Structures are given as structure tokens and as C-alpha cells.
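The structure appears right after this line, and notes come after that.
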Amino acid sequence: MTDVRMEVDWGPCCFCGQGVEPISPDPLNITAETSDSKWQVWFAHARCFKERLIDLPSAPGFFDPAHF
Numbered sequence: 627m628t629d630v631r632m633e634v635d636w637g638p639c640c641f642c643g644q645g646v647e648p649i650s651p652d653p654l655n656i657t658a659e660t661s662d663s664k665w666q667v668w669f670a671h672a673r674c675f676k677e678r679l680i681d682l683p684s685a686p687g688f689f690d691p692a693h694f
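Just so we're aligned, residue 627 is where the sequence shown starts under this note's numbering, counting upward by one.
Okay, here's the thing in C-alpha cells:
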């Protein structure tokens with residue numbers, strides 16, 4: 627079996643603007659579909675993403691740290 631790894635050019639965090647280091651413990655990419663069905667990928671630090679999460683009434687506990 628061949629080991630295939632995708633190389634990613636990490637951009638700056640979409641929240642704080644600082645560089646995202648791919649070997650750090652918290653890099654992530656966020657894939658979002660736009661209203662015209664196109665896809666965009668944004669890079670972020672997990673800590674910046676988690677700071678902006680809220681517990682929704684429809685999904686209590688979903689954003690607890692155990693899920694990340």
C-alpha cells in the first residue's frame with residue numbers, strides 16, 4: 627500500500643490573522659459552502675475557532691472540548 631499524503635499550504639488564521647503552523651496541536655481548516663454552491667476553505671487555530679462557538683439550544687454540549 628502506498629502512503630499518500632496531501633501537502634497543504636496553510637494560510638493565516640481567518641480569525642486572528644496570525645500564521646497557522648501545521649505541526650502545532652491545533653491547526654484546522656474550515657470548509658464552507660457558499661450560497662452559489664461553491665466551496666471555500668479557511669484556515670484557523672482551533673483555539674480561535676472555539677472562542678467563537680456558542681452552545682446552541684438545539685445542540686447542548688456539542689461544542690464542549692471533548693468534541694475537539
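No residue lacks a Cβ here, since even glycine has one placed at the ideal position from N, Cα and C.
Only a predicted model underlies this, so the values are computations on that prediction, with no experimental measurement involved.
Going by DSSP, what residues sit across from residue i in a beta bridge?
i: T657; result: V667
Write down the C-beta distance between residue i and residue j rounded to the nearest angstrom, noting that I regard them as a contact closer than 8 Å.
i: P638; j: F675; result: Wrong, their Cβ atoms sit about 14 Å apart, outside the cutoff.
i: T657; j: V667; result: 5 Å
So the candidates are the options; which of them puts its Cα closest to the Cα of residue i?
i: P653; options: R678, K664 and R673; result: R673
i: P651; options: H671, F641 and R678; result: H671
i: W636; options: P648, Q666, C642 and G643; result: P648
Which of helix, strand or coil does DSSP assign to residue i?
i: R631; result: Bear in mind that the predicted position of R631 carries a pLDDT of just 47, short of 50, making it too unreliable to give a figure here.
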